[in-house]
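Notes to accompany the following structure.
Number of protein chains: 2
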Amino acid sequence: MPINAQILDNPKSDRVRRIADLARAKGRERSGRFLIEGPQAVREAVTWRPDVVQDLYVEVSQALEHPRIISSTLQTIVDTSQDATIYVHQCTGDVIRHISKDAQGILAVGNARAMHADSEDLELSAKPQIAAFWQVRDPGNAGTVIRAADAAGCDAVVLVDDCVDPLNPKVIRSTVGSLFHIPVLRMGTEAFFNWAKDHNMDVWAADVYGTEQRKPESLPQVLANHALVAESKAVLFGNEARGLEREILEQCDRIVSIPLYGKAESLNLGTSAAVMLMSLAMSGHIETM
Amino acid sequence: MPINAQILDNPKSDRVRRIADLARAKGRERSGRFLIEGPQAVREAVTWRPDVVQDLYVEVSQALEHPRIISSTLQTIVDTSQDATIYVHQCTGDVIRHISKDAQGILAVGNARAMHADSEDLELSAKPQIAAFWQVRDPGNAGTVIRAADAAGCDAVVLVDDCVDPLNPKVIRSTVGSLFHIPVLRMGTEAFFNWAKDHNMDVWAADVYGTEQRKPESLPQVLANHALVAESKAVLFGNEARGLEREILEQCDRIVSIPLYGKAESLNLGTSAAVMLMSLAMSGHIETM
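Protein chains in written order, with UniProt numbering: chain A, 1 to 289; chain B, 1 to 289.
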């Protein structure tokens, strides 16, 4: 698709205002669109999910006679977008910076409905590995855990109950593109347990304390059992401050804790998720090596 | 030691100005002191390294006839400090907030020289496990990796070559107290390799690419070899943006990379350090279970 010849140069235009408004939840709800900021996230979006990207906005320099995209990195992204027939708009630096301080010369508008992953349509592997997060509230944490689940080769991420909106720009930035690599579903707590059961997945709680009736198993013990590690499962992590409620722990098939060997009292949610998901993935791969 | 009866109430006094100045590298250099902010870091400092803490500053409320420390959490820290004969100063909320926005009612001043860990005096275990970081520049990253090394039960952290000052308040906050749990040494690159050799430690580079001559070994392969994992070693991580230079990789005994199973292109330094150090620690403990 050709680049629009007209250069957007008015930071106060209605179009620019509407795009900037996508940084807020209300703006996204109203329009059904969301914002993708910066070369890394935009590149991953147009590469892996071009079906989601509606419009691309790229900074051009007008110093020369003809407008020029400001860097070869951005030019490469524009080329990929054109191959995918995404509409490309040239903008002044003022316009780009007015929309987002984190754009670094490029941003895209995506279709929220196309991004929406449906549990019915999801294609799972033979032994699915799911990373699930209950009431994760901080955008940076949500991004970090989605990136960890991607690195660990999980089939999908499930955001359970009342979590931060994965289309919040801060979440997207923190995933460093992983939001476009792995399906991210949203479910209520009951729906999540039903869905896991329907797909013959055990639910493992990642939790330090366990319940009065049930102490957690230590992760290294679990890792040593390669057959167990290879089973279908969803690993469920709790809220960053409060962990998992007792009612939820009681519904889980296993409770697994990460041991701490020094004097540190805890690991944060992002680190816990990375350590548990990556060590399960590595242990699963040792068996097949 | 008794609490100083006088309440510090002048945010513009010389004393308050000098303490606030410890947030900056110049202030720390000039005075040989450093700042510890907030209940968590102060509690860990007075619990594990009371020898380092010179003065404690705590917020009191003057609403009643007698000044009262504003919460039971802070009172507990003050009690611990008094047992350790640390000098306690009562301050108005204004004074505390003037010194630091991150104090949450309590802060301490430490002696930088007492905090300085010397490689000569360091007591290492029979098979020492060291976490080393070359040119880590971001305070948040440095804090996160020190916390990960603590959680993994490492003997010490070594900051190699030109790293961020571990007594930078942002580093201390990000360690969530771990700075007071584990010795943190600083060495030049050559001194680090000599020190490792003197202590019969192999140096393992954590690196994705390796050199032209030497491809990295994959972490799960290494983890499967429990005898190898148990050996004395220092794991060396590179700069957050540039990794490790070829000259450094060539001096390392092994190069080990964390596999990525999904479409994510990388993990950040903090996550990489946590995954590698924790999975080595867990693998080391499987053998002895």
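For each residue, glycine too, the CB sits at the ideal point set by N, CA and C.
Residue i at chain A interface by Cβ criterion, 8 Å
| i | result |
| --- | --- |
| B/M115 | no |
| B/H285 | yes |
| B/G140 | no |
| residue 291 of chain B | The question about residue 291 of chain B has no answer, for chain B in this structure spans 1 to 289. |
| B/M289 | Annotation note: pLDDT 45 at B/M289 (below 50); position unreliable, coordinate value reported separately. Yes, B/M289 counts as interfacial toward chain A. |
| B/T271 | yes |
| B/I182 | yes |
Cβ-Cβ distance between residue i and residue j below 8 Å
| i | j | result |
| --- | --- | --- |
| B/R33 | B/N111 | yes |
| A/I99 | A/G38 | no |
| A/E44 | A/I96 | no |
| B/S178 | B/R147 | yes |
| A/M201 | A/P128 | yes |
| A/V203 | A/A234 | yes |
| A/V222 | A/V275 | no |
| A/V109 | A/Q54 | yes |
| B/A142 | B/I182 | no |
| B/A151 | A/Y261 | yes |
| B/S283 | B/V208 | no |
| B/V136 | B/V145 | yes |
| B/I3 | B/Q104 | no |
| B/R18 | B/S31 | yes |
| B/R186 | B/C154 | no |
| A/A41 | A/R173 | yes |
| A/P169 | A/D94 | no |
| B/P216 | A/H285 | no |
| A/A206 | A/F237 | yes |
| B/E245 | B/T211 | no |
Within chain B, the residues that residue i reaches when beta carbons sit closer than 9 Å
| i | result |
| --- | --- |
| A/L267 | R147, A148, A151, A274 and M278 |
Beta-carbon neighbours of residue i, restricted to chain C and to distances below 8 Å
| i | result |
| --- | --- |
| B/K233 | This model lacks chain C altogether, as its protein chains are A and B. |
Nearest to residue i (by Cα), restricted to the options the options
| i | options | result |
| --- | --- | --- |
| residue 321 of chain B | B/V78, B/C91, B/F180 and B/I7 | Since the first residue shown for chain B is 1 and the last is 289, residue 321 of chain B is missing from the structure and cannot be characterised. |
| B/L56 | B/R18, B/I86 and B/A151 | B/I86 |
| B/P166 | B/A230, B/I36, B/A281 and B/S72 | B/I36 |
| A/G188 | A/I248, A/V109, A/Q90 and A/T175 | A/I248 |
| B/C252 | B/E120, B/K12, B/K263 and B/W134 | B/W134 |
| B/V160 | B/L269, B/A114, B/N239 and B/K215 | B/N239 |
| B/T47 | B/V88, B/D121, B/D83 and B/S279 | B/D83 |
| A/L8 | A/Q40, A/D51 and A/Q62 | A/Q62 |
| B/A264 | A/S71, A/S81, A/T175 and A/A227 | A/T175 |
Contact list for residue i against chain A, beta-carbon separation under 9 Å
| i | result |
| --- | --- |
| B/C154 | Y261 and G262 |
| B/M282 | S218, L219, P220, L223, I258, P259, Y261, V275 and S279 |
Reduced DSSP category for residue i - H, G, I as helix; E, B as strand; rest coil
| i | result |
| --- | --- |
| A/D55 | strand |
| A/K197 | helix |
| B/N141 | helix |
| B/G243 | strand |
| residue 291 of chain A | Look at the range of chain A in this structure, 1 to 289, and you will see that residue 291 of chain A is not part of it. |
| A/R49 | coil |
| B/S174 | helix |
| A/S119 | coil |
| A/K26 | helix |
| B/V229 | helix |
| B/A191 | helix |
| B/Q135 | coil |
| B/R214 | coil |
| B/I7 | strand |
| A/H89 | strand |
| A/V157 | strand |
| B/G270 | helix |
| A/G110 | strand |
| B/Q251 | helix |
| B/V164 | coil |
| A/L236 | strand |
| A/E37 | strand |
| B/A224 | coil |
| A/L260 | coil |
Within chain A, partners of residue i - CB distance below 7 Å
| i | result |
| --- | --- |
| B/P216 | By Cβ distance, chain A contributes nothing, its closest Cβ being about 14 Å from B/P216, past 7 Å. |
Any C-beta of chain B under 8 Å from that of residue i
| i | result |
| --- | --- |
| A/W48 | yes |
| A/S174 | no |
| A/D207 | no |
Amino acids of chain A, ordered along the chain, whose beta-carbon sits closer than 8 Å to that of residue i
| i | result |
| --- | --- |
| B/S178 | G262, K263 and A264 |
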